[in-house]
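Data block below; observations after.
Protein chains: 2
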Amino acid sequence: MPAKKAPQSAKKRKRRLDIRDVAKHARVSIATVSRTINGVPTVDKQLAERVWKSIDALNYFPNTQARSLVSGRSRLFGLLISEITNPFFPELIQGFEEVAVSNGYEILIGSTSYDLGRMDVCVRRMLERNVEGVAVMTFGIEQPVLDELASRDVPMVYMDTAPPQPLGRALMVDYHKGIREGVQHLAALGHRDVGFISGPLRQRSSELRKAAFLKSMDEIGVTPNKTWLLEGDHTLEGGMSAVEKLLERQDLPTAIMCSNDMTAIGALRVLSRAGVKVPDEISVIGFDDVHLSEFVYPPLTTVQMSRKEIAREAFESLRAVRETPDNRVPRIISTRLIVRQSTSYPRGSVLGKNGKAAGQHRVRDTVSV
Amino acid sequence: MPAKKAPQSAKKRKRRLDIRDVAKHARVSIATVSRTINGVPTVDKQLAERVWKSIDALNYFPNTQARSLVSGRSRLFGLLISEITNPFFPELIQGFEEVAVSNGYEILIGSTSYDLGRMDVCVRRMLERNVEGVAVMTFGIEQPVLDELASRDVPMVYMDTAPPQPLGRALMVDYHKGIREGVQHLAALGHRDVGFISGPLRQRSSELRKAAFLKSMDEIGVTPNKTWLLEGDHTLEGGMSAVEKLLERQDLPTAIMCSNDMTAIGALRVLSRAGVKVPDEISVIGFDDVHLSEFVYPPLTTVQMSRKEIAREAFESLRAVRETPDNRVPRIISTRLIVRQSTSYPRGSVLGKNGKAAGQHRVRDTVSV
DNA sequence: ATTTCTTTGGCAAACGTTTACTGGAAATTT
DNA sequence: AAATTTCCAGTAAACGTTTGCCAAAGAAAT
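Heads up: the sequence lines are chains A and B, in that order.
Going letter by letter, the first sequence gives residues 0 to 368 in numbering that gives the first Met the number 0.
Going letter by letter, the second sequence gives residues 0 to 368 in numbering that gives the first Met the number 0.
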């Protein structure tokens, strides 16, 4: 009767701990173990206790692949971003990772570097891994690639730029509020000659920011000088070359608003090199409130858009789509102005000449040399 | 005989495309499809052709979970980093992602934020997902957590800091070369009073950088003034407060070397606020060659350590460990000095007074106001 | 004491692949 | 032409879970 269990001796190398091992150790069936782990309420308290003890004792943890294979749920979300080197994104990723992990999800990051081919690869990767949803924060041109996702019924949420006909949900960023605050802040200081350096205009979010700027200017009753409306690309370099172009002309605006912080920081750099004092001779406002912007010189006045909030809302949206695919109530992300020291009275203004510490009319300083 | 296949009609919602569907479409067995996909050489060319056609026609792609479950290979690597907001890391991540993806791997990012609890969670996540290896670039204290990985035989590679008794492979960074070049560059300009702002010293890599600095100083025959040896924390803020502390004293060094670029940029910021001209009155050198460092004012002289190279080597190491776990030949990452404009002759030196354009003895400028 | 209902745990069938084995046909040797 | 070998495709057994269904056991109702 014996001599039957020999063959399984030196089978494979090290076998990983099984749900069966736990079951045996706790003297229950594997079904009970599974149910215990998944918190199914029908298992007896005592048994559950025993199972947990065994799990701890053996230091067991379930195999995710097997789990998702059978349950059909990968517990994976994709995060599609355009460029990981823009400081805005790491902070976003961090936020997203945080919520995801604390909800038992894992994230797959795809950074497309503005390249359609890479984008395609990213989408493909995500499909293969069976993501349960994708959060998109890229520019607006890559629709065909995203359609692939839509056609496979992968829930999506656009974190920034709602496409013309949304294929998924969209977080609506209230660009207008923050930008208007910025414009009115400038107006209150006496500025009327304000320039704007946009992001790449094919990008929907850039377009929206610019529109918000124009509208806000309109509200204060001034039509911006066309030659002060430049297109950047949301990078440091872009901001730099835009301002370089601006400096070639004779007439300068007294303030520049930028579509994102990196652009503004680039602007600051060039202005400082050119010997143009900020904020004394020209004021600068950014957008995003990247961590770095507090540490440039002078600390950047900027419009804050919370990465944490975006990340959290995106996650929740994605989860909500899973449950009720039709529910498309957009969530709104608010923005608000953070006044630091890159803005002050326009050059030559009476106020500017009187006040000794121009630009310090709001406190929040760091150091004042 | 018929009337047997009715029940499978309205079973579940949408069934994803199967390997069986492909098999049926190509009129072969599923085994053949699998073999075709995996490039097993024994399948007939014609048949393979037919299979590929079907795959294309149906737009099929395999289910990764099922694949890894049976093959035991998750094709997942973990990447453990300390802080995603330090610009060094996104560039590293990008590099790692690139090699990984192009080799059919996916990466799981864990950013620990210097927190042991989070680290633990990260490790756990990676174990659950069955990673085939983990690349570690964090500081040196979290051994106990990493032991968990080691005890489960997960291959590891340390990308920066080799632990006392390596549990895996380690990339050896040749800190000495670049830092020596930096020190000698300063020495050649005439500096002897050089300060150093280190990273957090419990972090192995910080320690090594500092050691390299001290050794290099020794080589040029000067013993650094202890009061100019400060500890930072590899953040902008850390660099700032270190320099603030330095400025409180009367005697200043003529040059400061920093353990990383963010520290150096912080230093630059404080110096500029305090009205200390860089490089005229004090020279500054960073470490890492972060993208940003080219765009600060003045552009930062720094020691370059290639993220791409580290990422690639780490990936290759990880892969190599899989094949031959014993082979521990360390790979060496080189570093080299990049001279920009934050270094020049020491203040008050004869050379400095003569030369009109101090610091411009190497060309590579960007703009010169 | 019997019946009915409720709880609870086990059995076994999926999930979509890979891969060891197997057997039939084709190719080679005798 | 028979015997042997080689080649390749198909069959079926894993992989580690979840979960529908069912039966045993206890509780409640008759």
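Beta carbons: idealized from backbone N, C-alpha and C, even for Gly.
Item, Value
"Interfacial residues, the region 271 to 294 of chain B to chain A, with Cβ spacing under 8 Å", "Ser271, Arg272, Ala273, Gly274, His290, Leu291, Phe294"
"Where the beta strand (DSSP E) through Met216(A) begins and ends", "Premise fails: Met216(A) lies in the alpha helix (DSSP H), 203 to 218, not in any beta strand (DSSP E)."
"Within 8 Å, strictly: CB atoms of Met155(A) and Gly132(A)", "yes"
"Nearest to Ala211(A) (by Cα), restricted to the options Ser150(A), Ser101(A), Tyr174(A)", "Tyr174(A)"
"Pick from Phe195(B), Glu280(B), Glu247(B), Tyr59(B) that is closest to Leu126(A), judged by C-alpha positions", "Tyr59(B)"
"DSSP beta-bridge partners of Ala134(B)", "Leu78(B), Val156(B)"
"Contact with chain A by Asn37(B), beta-carbon distance below 8 Å", "no"
"Other residues of its chain near Glu280(A): CB distance less than 7 Å, five sequence neighbours each side excluded", "Arg346"
"Alpha-carbon spacing of Ala310(A) relative to Ala319(A), whole angstroms", "14 Å"
"Spatial distance of Pro199(B) from Leu145(B) (CA atoms)", "20 Å"
"Residues near Trp51(B) by beta carbon distance below 8 Å, same chain, minus five either side", "Thr35"
"Beta-carbon contacts of Tyr431(B) that lie in its chain and below 6 Å, excluding the five residues immediately before and after", "The first residue shown for chain B is 0 and the last is 368, placing residue 431(B) beyond what the model contains."
"Beta-bridge partners of Val415(B), as assigned by DSSP", "What is shown of chain B runs 0 to 368, which leaves residue 415(B) out entirely."
"8 Å contact criterion, which Leu299(B) and Ala263(B) should meet: CB distance rounded", "6 Å"
"Straight-line gap, His184(A) to Val295(B) (C-alpha atoms, nearest Å)", "28 Å"
"Sequence-distant residues of its chain with Cβ nearer than 6 Å to Trp227(A) (five each side left out)", "Gly194, Pro252"
"Where Ser73(B) meets chain A, residues with beta-carbon distance less than 9 Å", "Thr63, Gln64"
"Any C-beta of chain A under 8 Å from that of Leu148(B)", "no"
"Sequence-distant residues of its chain with Cβ nearer than 6 Å to Arg49(A) (five each side left out)", "Ala25"
"Start-end ranges of the alpha helix (DSSP H) lying completely within the region 10 to 50 of chain B, minimum 4 residues", "18 to 25, 29 to 36"
"Beta-carbon proximity check, Gly231(B) vs Ile178(B), cutoff 8 Å", "no"
"Status (buried if at least 16 other CB within 10 Å, exposed otherwise) for Glu247(B)", "exposed"
"Helix, strand or coil at Glu90(A) [DSSP, three-state]", "helix"
"Of the listed residues Asp152(A), Cys121(A), Pro143(A), Asp159(A), nearest to Thr137(A) (C-alpha basis)", "Asp159(A)"
"Neighbour flag for Thr111(A) against chain B, beta carbons, 8 Å", "no"
"Enclosing beta strand (DSSP E) for Ile284(B) [first to last residue]", "282 to 287"
"Beta-carbon gap between Thr84(B) and Glu90(A) smaller than 8 Å", "yes"
"Where Ile178(A) sits in the DSSP three-state scheme", "helix"
"Proximity of Leu213(B) and Leu229(B) at Cβ, strictly below 8 Å", "no"
"Straight-line gap, Met261(B) to Leu107(A) (C-alpha atoms, nearest Å)", "28 Å"
"Lys276(A) versus Leu270(A): straight-line alpha-carbon distance, rounded", "7 Å"
"Backbone CA spacing between Arg268(A) and Asp114(A) [nearest angstrom]", "28 Å"
"Bounding residues of the alpha helix (DSSP H) (the contiguous stretch that carries Ala149(A))", "142 to 150"
"Environment of Pro278(B) [buried if 16+ CB atoms lie within 10 Å]", "buried"
"Range of the contiguous alpha helix (DSSP H) that encloses Ile309(A)", "306 to 322"
"Cross-chain neighbours of Asn129(A) in chain B, by beta carbon under 8 Å", "Asn62, Thr63, Gln64"
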